[in-house]
Each structure stands twice: as structure tokens, then as C-alpha cells.
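**Q**
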Amino acid sequence: MALENLLHPTNIKIDEYAKNATKFSFEALERGVGYTLGFALKQTMLYSIAGACVTSIKINDGKVTSLEDVIPCDETVADIILNVKSLPVTLAEGVETGIITFELSGSEEEIFSEEAKLSEGLAITEEVFICSYNGGKKLKIEAKVEKGVGFRPAQDNFKDGEFLLDATFSPVVFCDFEIKDARVGRRTDLDKLELNIKTNGNVNCEEALRLAATKIQNQLRNIVDIEEINKGIFVEDPTKDINPILLKHVEELNLTARSSNCLKAVNIKLIGELVQKTENELLKAPNFGKKSLTEIKDKLSELSLSLGTIIENWPQDL
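318 is the number that full-length UniProt numbering gives the last residue of the sequence shown; the numbers go up by one with no jumps.
1. With DSSP as the reference, identify every bridge partner of Phe151, one or two as the case may be.
2. Given a threshold of 16 other Cβ atoms within 10 Å of its Cβ, counted over all protein chains shown, does Ser22 qualify as buried or as exposed?
3. Let me know the secondary structure DSSP gives Leu282 once reduced to three states.
4. Tell me the residue span of the alpha helix (DSSP H) that contains Thr199.
5. Whose C-alpha, out of Asp181, Leu274 and Val145, is nearest the C-alpha of Cys53?
6. Where Glu68 and Lys290 are concerned, what is the direct C-alpha to C-alpha distance, given to the nearest angstrom?
7. Within a Cβ cutoff of 8 Å, which residues of the same chain sit near Phe112, ignoring the five residues on either side of it in sequence?
8. Would you mind listing the beta strand (DSSP E) stretches within the stretch 58-131 that are 3+ residues and don't spill past its ends, in chain order?
9. Considering only C-alpha positions, which residue in the set Pro286, Asp156, Ala116 and His8 is nearest to Lys262?
10. Tell me, please, whether the stretch 32-45 touches the stretch 192-211 by the rule of three or more beta-carbon pairs shorter than 8 Å.
11. Going by the CB atoms, is the gap between Phe177 and Gly38 shorter than 8 Å?
12. Measuring alpha carbon to alpha carbon, tell me which of Leu270, Ile223 and Ala257 ends up nearest Ile242.
13. Run through the stretch 6-53 for me and flag every whole alpha helix (DSSP H) of 4 or more residues, listed as ranges in chain order.
14. According to DSSP, which residues form a beta bridge with Ser56?
15. Identify, in the order they occur along the chain, each residue of the same chain with its Cβ nearer than 6 Å to the Cβ of Glu16, setting aside the five sequence neighbours on each side.
16. Roughly how many whole angstroms lie between the Cα atoms of Thr101 and Arg152?
Below is the structure:
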């Protein structure tokens, strides 16, 4: 079948059946195309759209260290962590992190997200119940918010006074799809794609779908023109004219631990980076003495290399 004769979806329906929840249907599609599009859109929405979320929580300045600790609330520590984690948050452009703070004291009351103190550039987009405060003892809850993409598992459960959380950055909290039969004229071997999307309210469902489709389009852009791909894309190796020894790591010089640590402290990783340094530059490094300098000069000499060498066209991004 000629490519220009392939069907494209001309019947598109949008059903916003609940707040921040929408079902999209697209028909008719060639058999198999529905699954291909549905899976690609689902994965992209769940794992490739940037967003912000709560990544760690500290209670009473880190004094609460266990989920079993007693706090002046009807809820447990685990309940509060789940409630705070569920906060739909946004960070302004150029702001990468933020802090949410609840400071409770006085009489008993129900606490909602609107009572939080927010750092600059941070916003909570919907009201969320936090806890039922019993009064009396003070209670302080701090939550760190970060930007990111996809999913980032916590490396630990508790560290430095903070409960660390698995981070789901995408504003899309649920996405699934279903393929049904569709018909155009006498053709019955066609697909209907139904896509079900729910977001946390930071973006609406249509915007999430548009972002995902745009990302997929951008990924495919470079392979649309088959002829250009067949010609091959030649990327010149920036290191092709450089002595291979200079591209080796300084560990291969077998330096003493003291000398190696001094080089690490000033972020010298490659022999090529080392030989471009002068003696005076190295001596300014923390804890770098004449013994280390002599050792390095001797090791370089064994390779017919020396400090203060000028390397033309040395790549800056190695």
C-alpha cells in the first residue's frame, strides 16, 4: 500500500469525564498503528515530561527519625509523609528547588496545604489535607521540592534527618490505552485508539498529550528522510589528532595516594589535562607539595612528556 493511502485519524473525540481526567479517542488507524501510537504516547507521558515533586521530608528539624515515632496528630508519621508527598507543586522557570514548611502550635485544628509557607518560585496548585493537629506540642514539617524528569528511586529511606522519597516528576499520574475495532466503508480491519489520561493538575490532559506527541515528533525528526540517513552522518572525532597517551586517565601513572588525591581535588582526570598545567599551578593545589611535583615530573618523563605543554585543539568537553 502506498504511504499516501495510509489512513490518518479524522474522528477525534475528547471526553473530560472528571477533574484532571480525560479520555481521547482516535479513529480510524491502520491495524497495528493504534498500539504503536498508544504505547509511545503512554511511555512518553509517564517518563519523559518534566515536572516537580516532593523528594524528602523532615519533621521537627530531623528529630523524628522513625515511622513509629509519636507526634501530636491523629495521623501517623507515615500518613503525614504520604499526604505531603501527594502535594501537586510547580517551580517557576529558573528555580530548581524549593521548600514547603508547616509550623504548628497552639490549639488543635485541621491543617491543609494552604497554610504552608513556600519558598520563592514555589506554588501548590491544589488544596490537600495534611493532618489533624492535636495542639499542645509544636510540630514542624519541612518538605523539599525538586524539578526532574521521569522516576527517581530514593537511595535510602532516612538520611541526615530526612525521610527520602521515590520521586515521580511527571505531572501525568495515570495513563493507559485500549485498542478497539474501527470501520471505514467496507474496511473492518482498522484500529480505534482510546487513551485515558489523568494529571495532578499542573498541566491539563490535552497539554500533556501535546507535549508527549511533540517529544516523539522531535525524536523521529532525524530519521524521517531515509535518503539522508543512508548517506550517513559523519561526526568528526575531536581527539583524532591527539596523542593517545594524553587521553589516558592519570591513574595509569601509578602515582602515590597523596599525589592522586591532590589531582582529584583540582579535577584533573586525564594525562592531557595534567601536562597542560605548569609547576606553579600545581603547587597552588591544596596539600600539593614538592614531593608530589617531583613524582609527577618523573612519571611524565618516563612517557617523554612534561608539564607546561601546550596542546592545540584540546577538546574542552572530555
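Cβ atoms here follow ideal geometry from the backbone N, Cα and C, with glycine treated the same way.
**A** Reading it off the structure:
1. Thr168
2. Rather than Ser, the amino acid found at residue 22 in this sequence is Thr. So Thr22 ends up on the buried side.
3. helix
4. Careful: Thr199 lies outside any alpha helix (DSSP H), inside the beta strand (DSSP E) at Arg187 to Thr199.
5. Val145
6. 56 Å
7. Glu127, Val128, Phe129 and Ile130
8. 89-91, 97-106, 109-112 and 122-124
9. Checking the displayed sequence, the identity of residue 262 turns out to be Cys instead of Lys. That would be Pro286, whose Cα lies nearest to the Cα of Cys262.
10. yes
11. yes
12. Leu270
13. 33-47
14. Lys144 and Leu164
15. Thr22
16. 23 Å
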